[in-house]
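Chemist: Numbered per our numbering, the sequence shown finishes at 191, counting up by one with no gaps. This is the structure I have questions about; it appears just below.
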Amino acid sequence: MLSTIRTKFEKDYAEYIKGFDPEELRELSTRIKRYCGIYGILFINKLDDKFYHHIPITLFPSPFPKEQFQKIRTLQSEVNMLLHRVSNDYEFIIKSLKNVRKMDEFTKKLAKILKQLNNYQFRQQIEAGIIRADYMIDDNRVSPKEIPKIYLIEYNTISVSFGAHGSQIQEIHDEILNFAGSMR
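In structure tokens, the structure reads:
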């Protein structure tokens, strides 16, 4: 059944998610929260550490055209190299953040650390980047022949923790698609 749902999902996603009444959406929402618990993709409640919350997750997987995905894969290494070069250009960073440092205490502290590190003679021989880049599709096309626009909405080099949940989220979405299909 999953292959049938996936085929339907890939070909006509917008039609697939239409038509759920509020009660069905509540049932799907409750079910996806339970799946998050089953798969262990939770974090501790900040107000009471006896409780957990599920990580942010969409009810259904978000469609992403294959052509756009391939284009992003091709461009991403160039974007990564650009960020690498900028992040290793001490003078550029200090000059670019001059006015920001005056207004933002956090940036001021980071620049101070950078200046201290720049005074050391030691330089790393090997560097690794763990990066999460978030893209969105703007699908406000006038004509089906138009190609949806791609936007890089976030380039994150610090908060990449949820990336490890990708395969679990896919499994949860498979479960939700199966259940949603059985509701039809």
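Positions of the beta carbon are idealized from the N, C-alpha and C atoms, including for glycine. None of these values were measured; they are calculated from a predicted model.
#1: What residues in its chain sit with their C-beta under 6 Å from that of Q175, if we drop five residues either side in the sequence?
#2: By DSSP, does K102 sit in helix, in strand, or in coil?
#3: Measure the alpha-carbon distance for F186 versus F27 and round it to whole angstroms.
#4: Note down, one range per segment and in chain order, each alpha helix (DSSP H) of at least 4 residues found wholly within the stretch 164–191.
#5: Using the three-state DSSP reduction, which class does R148 fall into: helix, strand or coil?
#6: For R92, which of helix, strand or coil comes out of DSSP?
#7: Just to confirm the assignment, what range does the beta strand (DSSP E) spanning Y59 have?
#8: Taking 7 Å as the threshold (C-beta atoms), are K156 and D141 in contact?
#9: My understanding is that Y42 touches F50, with C-beta atoms under 8 Å, so please give their C-beta distance in whole angstroms.
#10: What do you get for L184, buried or exposed, if any count of 16 or more other CB atoms within 10 angstroms of its CB means buried?
#11: With a threshold of 7 Å between beta-carbons, can N147 be considered close to chain B, or not?
#12: Could you tell me the alpha carbon to alpha carbon distance between K78 and V107, rounded to whole angstroms?
#13: Quick one: is I154 buried, meaning 16 or more other Cβ sit within 10 Å of its Cβ, or exposed?
#14: Would the stretch 29–43 count as touching the stretch 64–76 if we require 3 or more Cβ pairs under 8 Å?
#15: Using a Cβ-Cβ cutoff of less than 7 Å, which residues in the same chain neighbour F169 once the five nearest sequence positions on both sides are dropped?
#16: How close, in whole Å, do the beta carbons of N87 and I138 come, if the pair is a contact with beta carbons under 8 Å?
#17: According to DSSP, is F129 part of a helix, a strand, or is it coil?
#18: Would you report the Cα separation of V93 and S84, rounded to the nearest angstrom?
#19: Using only alpha-carbon positions, find the residue among H91, I101 and K152 that is nearest to Y162.
Modeler: Quick look at the numbers:
#1: Here residue 175 is taken as the residue at index 168 of the sequence shown, counted from 1. The answer, listed in chain order, is Y46 and I48.
#2: Numbered from its first residue, the sequence shown carries residue 102 at position 95. Correct three-state label for K102: helix.
#3: As a first step, residue 186 is located in the sequence shown; it is residue number 179 there, counting from the start. As a first step, residue 27 is located in the sequence shown; it is residue number 20 there, counting from the start. Distance between the alpha carbons of F186 and F27 is about 12 Å.
#4: 173–189
#5: The residue you call residue 148 lines up with position 141 of the sequence shown. Coil.
#6: Counting from one through the sequence shown, the residue named residue 92 turns up at place 85. DSSP places R92 in helix when its eight states are reduced to three.
#7: Against the sequence shown, residue 59 aligns to sequence position 52. Here the beta strand (DSSP E) through Y59 covers Y59 to H61.
#8: Taking the first residue of the sequence shown as 1, we reach residue 141 at position 134. Taking the first residue of the sequence shown as 1, we reach residue 156 at position 149. Contact flag unset, no.
#9: For the purposes of this step, residue 42 is taken as residue 35 along the sequence shown, with counting starting at 1. For the purposes of this step, residue 50 is taken as residue 43 along the sequence shown, with counting starting at 1. Actually they do not touch by this definition, with Cβ atoms about 16 Å apart.
#10: For this step, residue 184 is matched to residue 177 along the sequence shown. Answer is buried; the Cβ neighbour count reaches 16.
#11: Looking at the structure shown, chain B is missing, and only one protein chain is on hand.
#12: For the purposes of this step, residue 78 is identified with residue 71 of the sequence shown, where counting begins at 1. For the purposes of this step, residue 107 is identified with residue 100 of the sequence shown, where counting begins at 1. In a straight line, the C-alpha of K78 is about 34 Å away from that of V107.
#13: Your numbering for residue 154 matches position 147 in the sequence shown. Per the 10 Å Cβ criterion, exposed.
#14: yes
#15: Translated into the one-based positions of the sequence shown, residue 169 becomes position 162. Excluding positions up to five away in sequence, the list reads I62.
#16: What you label residue 87 is simply residue 80 of the sequence shown in a count that begins at 1. What you label residue 138 is simply residue 131 of the sequence shown in a count that begins at 1. About 6 Å separates the Cβ atoms of N87 and I138, confirming a contact at the 8 Å cut-off.
#17: Here residue 129 corresponds to residue number 122 of the sequence shown, with the count starting at 1. Three-state DSSP puts F129 in coil, outside helix and strand.
#18: Along the sequence shown, read from residue 1 onward, the residue named residue 93 stands at position 86. Along the sequence shown, read from residue 1 onward, the residue named residue 84 stands at position 77. Using only the alpha carbons, I get a separation of about 14 Å.
#19: The residue you call residue 162 lines up with position 155 of the sequence shown. Ranking H91, I101 and K152 by Cα distance to Y162 puts H91 first.
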